[in-house]
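Taking it in order: structure first as structure tokens, then the write-up.
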Amino acid sequence: MDTTTAPSTGFVMRLIGAVSVDPMTFEEVEADRSATGQAFGVILLSSLGAAIGARGFGSGSLETMVFITALATIAWAVWAVITYQIGTTLMREPQTKADVGELIRTVGFSSAPGMLRVFGVVPAAALPAFAITAVWMLIAMIVAVRQALDYTSTARAIAVCLLGWTIALGIALTLGLMFGPTVS
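Below, the structure is given as structure tokens:
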């Protein structure tokens, strides 16, 4: 997308586009180098949403909230790096061209549905909030990866994201078990 001829939308409209899983929103943030800070803001808001929402599971201490925020951010970063490596090397298509910044911006915005994990603060809503947003973020990531890596095949984007998600989830669980606060 040529940002010199297409006006960019504001941050809130980009959030709405990302939550709506709009391919054009991901194309726009891919092309807009100035959106990198916005993408990191989305990641942090999503991670903070996870920490606040986790209170519904009984994780209420400040230490636990800081840990969950950090773990969610690290898990996202691991997922993004693994996805970039898989998508640009192992599973690239002939037209695939992307730099790290393009992928970081698109997958950063794909974590926007994760902000809704904040509703998990209500104990009865915790499990549904986390389950629904996990699937929603995965779907958004698939579209973001398809757009950022110029894939013609959504199936390829699905494979890249699922493989990356599985590896990142394993790493996050391992870190959580090794370094996480104890639950009594």
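Add 1460 to the 1-based position in the sequence shown for the working numbering, that's all there is to it. Cβ coordinates follow ideal geometry from the N, Cα and C atoms, glycine included.
Suppose you measure from the CA of residue i to the CA of residue j; what does that come to, to the nearest Å?
{"i": "ARG1577", "j": "LEU1598", "result": "14 angstroms"}
{"i": "PRO1573", "j": "PRO1554", "result": "31 angstroms"}
{"i": "ALA1617", "j": "ILE1602", "result": "5 angstroms"}
{"i": "ALA1585", "j": "PHE1579", "result": "7 angstroms"}
{"i": "GLY1516", "j": "LEU1587", "result": "8 angstroms"}
{"i": "VAL1526", "j": "ALA1511", "result": "7 angstroms"}
{"i": "GLY1470", "j": "GLU1562", "result": "18 angstroms"}
{"i": "ALA1535", "j": "ASP1482", "result": "24 angstroms"}
{"i": "MET1575", "j": "GLY1568", "result": "12 angstroms"}
{"i": "LEU1475", "j": "VAL1581", "result": "22 angstroms"}
{"i": "ASP1492", "j": "GLY1518", "result": "40 angstroms"}
{"i": "ALA1604", "j": "PHE1486", "result": "6 angstroms"}
{"i": "SER1571", "j": "GLN1607", "result": "15 angstroms"}
{"i": "ALA1514", "j": "THR1593", "result": "13 angstroms"}
Residue i by DSSP, collapsed to three states: which one?
{"i": "MET1551", "result": "coil"}
{"i": "VAL1582", "result": "coil"}
{"i": "VAL1560", "result": "helix"}
{"i": "VAL1481", "result": "coil"}
{"i": "TYR1611", "result": "coil"}
{"i": "SER1506", "result": "helix"}
{"i": "SER1521", "result": "coil"}
{"i": "THR1469", "result": "coil"}
{"i": "GLY1640", "result": "coil"}
{"i": "SER1494", "result": "helix"}
{"i": "LEU1629", "result": "helix"}
Between residue i and the rest of its own chain, which residues show a CB-CB distance below 6 angstroms, the 5 nearest in sequence each way excluded?
{"i": "SER1480", "result": "none"}
{"i": "LEU1508", "result": "THR1529"}
{"i": "TYR1611", "result": "GLU1553 and ALA1617"}
{"i": "GLY1477", "result": "THR1485"}
Going along the chain, which residues of its own chain have a beta-carbon closer than 8 angstroms to the beta-carbon of residue i, five neighbours each way excluded?
{"i": "ALA1619", "result": "MET1551"}
{"i": "ILE1546", "result": "VAL1620, LEU1623 and GLY1624"}
{"i": "THR1533", "result": "ILE1503, LEU1504 and SER1507"}
Going by beta carbon distance, what residues of the same chain come within less than 7 angstroms of residue i, once the five residues before and after it are set aside?
{"i": "LEU1531", "result": "ALA1632, LEU1635 and GLY1636"}
{"i": "THR1496", "result": "GLY1561, ILE1564 and ARG1565"}
{"i": "PHE1590", "result": "GLY1513, ARG1577 and GLY1580"}
With a threshold of 7 angstroms, establish whether the CB of residue i neighbours any heavy atom of the ligand NAD.
{"i": "ALA1537", "result": "For the ligand NAD, the structure offers nothing, since it holds no ligand at all."}
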